[in-house]
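**Q** Protein chains in written order, with the UniProt record's numbering: chain C, 1 to 187; chain V, 1 to 922.
There's a structure below that I have some questions on.
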Amino acid sequence: MGIFKRLFGLFYKRRTKVKILAVGLDNSGKTTLLKKLRPKKADLSTVPTVGYEFESFSKNGVAFDCVDMSGQSKYRNLWEHYFTDTDGVIFVVDATDKLRFVVVREELETMLSHQEFSRRKIPLLFFANKMDLHDAVTPNELLATLQLDDLAHPWRIFASNALRGEGLEEGVGWLVDAIAEHKTTAK
Amino acid sequence: MNAQTIREKITAAVKENFKSEEKPFVNPYAGEKSTVLLETRAFSEPHLNAKKCCHLLTKVLYLITQGEKLSSKETTDLFFGATKLFQSSSERLRRMTYLLIKSIKVSETEVFIVTSTLTKDMSSKSDCYRANAIRVLSRILDPSMAAQIDRYLKNAIVDKSPFVASAAIICGINLMRSAPEVVRRWVNEVTESVSSKSPMVQFHALGLLYELKRNDRLALHKVVSQLTKSFGKSPMAECLLIRYATQVLKAERDSALEHALMDYLESCLRHKSEMAMFEAAKAFCELAVVDEQGSGGATVFGYDMLPALTVLQIFLTSPKPVVRFASIRMLNKLAQVRPHVVSRCNVDMEPLLTDQNRNIATLALTTLLKTGHESNVDRLIKQITTFMTEISDNFKVEVVRAVKTLCLTYPSKYKVLMAFLSSNLREEGSAEFKKDIVDALILLVEQIPQAKETGLLHLCEFIEDCEYPSLCTKILSFLGNETPTTSSPSKFIRFIYNRLILENALVRAAGVDALTKIALKCPTLKKDILTLLESCTTDNDDEVRDRTNLYCNMLEGKMGGKDGDLLVEFNGVLMKADLEFSLDALCQTLEAHIAAQPELPFDVKAVPTEEAYESQKAAMQAINAAKQQAQTKAKEPTKAPAAGKAEAPSPVSAPSAPDIAAKVADLISAEDLGALQHSCKPKLATESEAEYVVQVIKHMYINHVVLEFVTTNTLQDQVLEDVDIKFTIGDPSSWGELGRLGIEALPYDRPASAYVVLQKMHEGDDGLRTLLGTFQAALDYTVKEEGDDLGYRDTYPMENVTIAMGDYMVPRHLRPGEFKSMWESLQQADEAVSKFSLNFKTLESAATGLTTSLNMAPCDKSDKVDTTARGHTLLLSGTFIGGLQVLCKALIGLDQSYGCLLKLACRSKNPAASQAIVHSVE
């Protein structure tokens, strides 16, 4: 019996599929980060994304369907078209780009003001990326600058280094839990 | 035996099957727009069901092809939904997604979101992905992005797979519009693909190559003539090439090129493929329209039409309906220009009248009507009648027109043709169709005297039961004009009287008019008609009642004395088909008359004609505008006087009427000057490359002529000051100079105008005030070169300024065919005729010389002279000063002993003017 249950559980877990949206300003490292999450070792020389790209991978027994949005300013207004059916959002911030934190804040606000976000408590996972660089701010500082405390959504911030994959596991792990929790509460 | 039973069983089974399928067919893809769009939410489901999505996409595409419009929000939602489908790896679904993106119009700001996905697909391994991605890309690329993926596309053109190569070439064709410079870099690859093995690639590559070379004439010629020599083209490419060759031939006449291309076209008539054969024959027919010189003969650019016709003739008997249709349609077009050439196919066209396809039958019929011979008209008409009810209104109109022309060609057949037309009047049909028939009948009645009574009776029958008041009134007025000349006008009165009882006010009024006209022309019927009109004197419509009362009084002769004179006058006016004065003007003059001197009789002759009235009105407006301008100027005393301002250099070469009146206001007041009749075309009075270029514009007034000298200084380092016109009048008894207006300063390249106002000293021998004259003129000015303050006085001679008869004339263009009826409407008694011997070497130069010297417009293409003929008839039309319409018929002949001979006949309502015009040629 135990074996069956485990097998079934495994099977069931395999089938769990979540849809994630990866957003953030240009050159914050979204594509690199997602590629790193993929088990297949892809080459990490990325070019700026035009429009969007699909990434699929599984982590912790959950299949991820991830839409990697382009962060360039002229494409940002397209993000909203993918909000509707997303289970969670990965928001990548370039921790060294202090100048544009205000832009990040603005984009975040725009996103949160979308009706889809007021309707559902979509979990938000922040990555303070490029922590390996010496002028990167710490997650705590970033948290303060972006005023994340006021968020009504479940959220968490992690420091990450997308190039080497540091901090990603923890972040994604949290996100999976948060989504599962959100789904059960929603039910 | 066994086989027999099996067969029976199968037939039974099949029948059974068909029975079950007799249920109404339900399209699985049809659906309500909102429902379908709601269903497309499935695109966002976490587990994509490829099959379901495919079905949905088909539904959406079906909607779009049905003409359903999507709002921009719907489009956006649909589009972003579709972008999510790129996750799926199903090839079928991907293909449908491509199709959808191509067929919806996504806004530019959104559509490029798929660019990266498409570029990824473009470099994928699957040909299907590659080709389709390229096709979609071609719709959404902007120039900068096109340059980025230029390399991929270039490779795709020479790809092994014809599917991909074709897609890339099509992408090129689309890009020609948005980013031509990118596509121009592909010339080599495209040229290579033209000789590809795949027919599709060949076809598309040829299309793109043409687009590339299209603006470069020589290169295009080279490409086309080179390609015509190469062999092994697919039929599709061959067709395209034939079309391009035709276009080249149409665009330019170049004998060497013509020869090569026509050889090619002729060889294509013997092509293996039906398609190419037809295309070549079509090319011949189209060129026959262009090559007017060949019309009359059976050649196109010197090549015989016969082989092309034989091809079409063979196609007429083809078992495929589309081939028959194509060929009969071509023959129909050709019949419009060269009916006699087409007539040799008559034998094969006749069976087509019974063709199952009604379109083919109608085309065959209209063609036959054009080419038909007198002997088989009866048979044709019988055949048309059988299927008139089965064809659409457009075709019916077509048939009516053909019958009309046929009737004009063979007047003896009018009985059959008119019977046909009138029977159709009684059938169901649109207003346009009815109107066409009525027009045709009216035309036939006018043109064919013996058909008059029958035609009129047909028309009468029609108005008995006509639902269109406009047609009814038209026919009634026509009846009023025509019936008095028939043998028994009384026959028609009954029909008209019925209208008075049964119809609405509009038609009743027209009926009263018609009856009165008949009564005036046929005194014997007067009494009867008066009795009939009696009933309408108490009509409840004001207009009808008023008219009837007026007519009754008139007919009874109750108006005596002065009113009697007026009656005679009015009578004359009423009897004329068209009024010789403008109605607006009549109203205006009548009002003025009543206000000023109501006791005096009114003179109808004082009312100006339509054209004269129009020009007067324009002139009056101009004068009023000028007056207003003057008034506002008077209110601002600080401003320079009007004349000074008018002298400011203006770049306008032909100023409008108010300008002139305002500019010469110092020399003559606008009231004295009167209304501007017209302005002649600018004429150079110096060489066009002289130091100072002067153009003379003559502004014609009734009693004056204002000469405007538009002067341009072409020397960069000079300024002319105090420019004056030195003007010598040779004949002071005819012309007097009222004054001149110079130019203060004339800098480089800033044209300015000087004016001379001339007065006509007497009315001329014929009282027309059309004085002629020649004047010597020269520029008189102070030259100031750069840095020179003083300058020196100098003069510059101009050519003589002449005022010729042509200056009193304005060309008036008539519609084709209008000349004849207008010519006949003018009295022959007023015709002025004279014979001349002219100093022209060819007919053509004589015709153009005459046209320009009289300054009239050639009518009915009579300016095109057949160089081989010995004589030519030139028809000219113009408006003489004072709004008098003038028509001229010139017979020009070339004689070896006498040179060029001319017989000029001129008709107008004023015999003196006609005389003057004829004599001006001397």
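Virtual Cβ for every residue (Gly too), placed ideally from N, Cα, C.
With three or more beta-carbon pairs closer than 8 Å as the criterion, would you say the stretch 790-807 of chain V touches the stretch 834-844 of chain V?
**A** Result no; under three Cβ-Cβ pairs closer than 8 Å.
**Q** Could you name the residues of chain C that S116/V contacts, counting a contact when the two beta carbons are closer than 7 Å?
**A** Here the neighbours are T49, V50, G51 and E53.
**Q** In the DSSP assignment, what residue or residues form a beta bridge with Y748/V?
**A** Note: Y748/V sits in a beta bridge opposite N713/V.
**Q** For W186/V, which residues in the same chain have their Cβ closer than 7 Å to its Cβ, ignoring the five residues on either side in sequence?
**A** Contacts found: K154, I157 and G172.
**Q** Assign P816/V to one of three DSSP states: helix, strand, or coil.
**A** Three-state DSSP puts P816/V in coil, outside helix and strand.
**Q** Closer than 9 Å, Cβ to Cβ, to anything on chain V: give me those residues from the stretch 24-35 of chain C, in chain order.
**A** Those would be none; no residue qualifies.
**Q** Listing by chain order, which chain V residues have their CB less than 7 Å from the CB of H81/C?
**A** Within 7 Å Cβ-Cβ: F80.
**Q** Using the Cβ count rule (16 or more neighbours within 10 Å means buried), how would you classify S267/V?
**A** Result: exposed.
**Q** Just to confirm my understanding: we take K282/V, look at its own chain, exclude 5 residues before and 5 after, and list those with CB closer than 7 Å. What are they?
**A** Around K282/V: M330.
**Q** Between D68/C and chain V, is the shortest Cβ-Cβ distance under 8 Å, so that the two count as touching?
**A** Chain V contact via Cβ: absent.
**Q** Exposed or buried, what is Q896/V when buried is set at 16 or more other beta-carbons lying within 10 Å of its beta-carbon?
**A** It counts as exposed.
**Q** Counting contacts by CB-CB distance shorter than 8 Å, is Q202/V in contact with chain C?
**A** False, the Cβ-Cβ gap to chain C never drops below 8 Å.
**Q** Thinking C-alpha only, which one of K229/V, A147/V, T405/V and R92/V is nearest A179/V?
**A** The shortest Cα separation from A179/V among K229/V, A147/V, T405/V and R92/V belongs to A147/V.
**Q** Indicate the three-state DSSP secondary structure (helix, strand or coil) for V801/V in the structure shown.
**A** DSSP places V801/V in strand when its eight states are reduced to three.
**Q** Assign K639/V to buried or exposed, taking buried as 16 or more other Cβ atoms, counted over all protein chains shown, within 10 Å of its Cβ.
**A** Any reading at K639/V is ruled out, since the residue's pLDDT is 38, under 50, leaving its predicted position unreliable.
**Q** Consult DSSP for W735/V and reduce its assignment to one of helix, strand or coil.
**A** If DSSP states are grouped into helix, strand and coil, W735/V belongs with the strands.
**Q** Please list, in chain order, all residues of the same chain as K59/V whose beta carbon is under 6 Å from its beta carbon, the five residues on each side excluded.
**A** Contacts found: Y29, G31 and V36.
**Q** Which residues mark the beginning and the end of the alpha helix (DSSP H) in which M305/V is found?
**A** It is not in any alpha helix (DSSP H) - M305/V carries neither H nor E in the DSSP assignment.
**Q** How would you call K272/V, buried or exposed, if buried means at least 16 neighbouring beta carbons within 10 angstroms?
**A** With fewer than 16 other Cβ atoms within 10 Å, it is exposed.
**Q** Using 8 Å for Cβ pairs, my map puts L33/C next to V92/C. What's the rounded Cβ distance?
**A** With a Cβ gap of about 6 Å, L33/C and V92/C count as contacting.
**Q** DSSP three-state call for S58/C: helix, strand or coil?
**A** If DSSP states are grouped into helix, strand and coil, S58/C belongs with the strands.
**Q** How far does the alpha helix (DSSP H) with V138/C in it reach, from first residue to last?
**A** This sequence places Thr at residue 138/C; Val is not what is there. Unbroken run through T138/C: none, as it is neither H nor E.
**Q** According to DSSP, is E922/V part of a helix, a strand, or is it coil?
**A** Coil.
**Q** Shortest alpha-carbon distance to V289/V belongs to which of Y303/V, R338/V and A260/V?
**A** If we check each option's Cα against that of V289/V, R338/V comes out closest.
**Q** Any chance you could list the alpha helix (DSSP H) runs of at least 4 consecutive residues sitting entirely within the UniProt domain "Coatomer subunit gamma C-terminal" (806-921) of chain V, in chain order?
**A** The UniProt domain "Coatomer subunit gamma C-terminal" (806-921) of chain V contains these whole alpha helix (DSSP H) runs: 818-825, 843-854 and 911-920.
**Q** Whole angstroms is fine: what's the gap from T119/V's alpha carbon to I149/V's?
**A** About 8 Å.
**Q** Can you name the residues of chain V whose CB is closer than 8 Å to the CB of K19/C?
**A** Within 8 Å Cβ-Cβ: P46.
**Q** Within 10 angstroms of its Cβ, does P351/V collect 16 or more other Cβ (buried), or is it exposed?
**A** With fewer than 16 other Cβ atoms within 10 Å, it is exposed.
**Q** Which bits of chain V does D175/C rub up against, with CB to CB less than 9 Å?
**A** Looking at the sequence itself, residue 175/C is Leu, so the reference to Asp does not match. In chain order: nothing, as chain V lies at least about 16 Å away.
**Q** Below 7 Å CB to CB, which residues in the same chain sit around R7/V once its five sequence neighbours on both sides are set aside?
**A** So no residue of the chain qualifies.
**Q** Closer than 8 Å, CB to CB, is L37/C near chain V or not?
**A** Answer no: the Cβ-Cβ gap between L37/C and chain V never drops below 8 Å.
**Q** Check whether chain C comes within 8 Å of I169/V, counting only Cβ atoms and requiring the distance to be less than that.
**A** Judged by the 8 Å Cβ criterion, I169/V is not in contact with chain C.
**Q** Tell me whether the stretch 510-526 of chain V and the stretch 468-486 of chain V touch, counting them as touching only if at least three CB pairs, one residue from each stretch, are closer than 8 Å.
**A** Yes, since at least three Cβ pairs between the stretch 510-526 of chain V and the stretch 468-486 of chain V fall closer than 8 Å, the two stretches touch.
**Q** Can you name the residues of chain V whose CB is closer than 7 Å to the CB of T84/C?
**A** Result: S44.
**Q** Under 8 Å, do V403/V and L421/V count as touching if we go by C-beta distance?
**A** Cβ atoms of V403/V and L421/V: closer than 8 Å.
**Q** Go through its chain and collect everything with a Cβ distance to M236/V's Cβ below 8 Å, but skip five positions before and after it.
**A** Closer than 8 Å at the Cβ level, and outside the excluded window around M236/V, lie P199, M200, Q202, F203 and M275.
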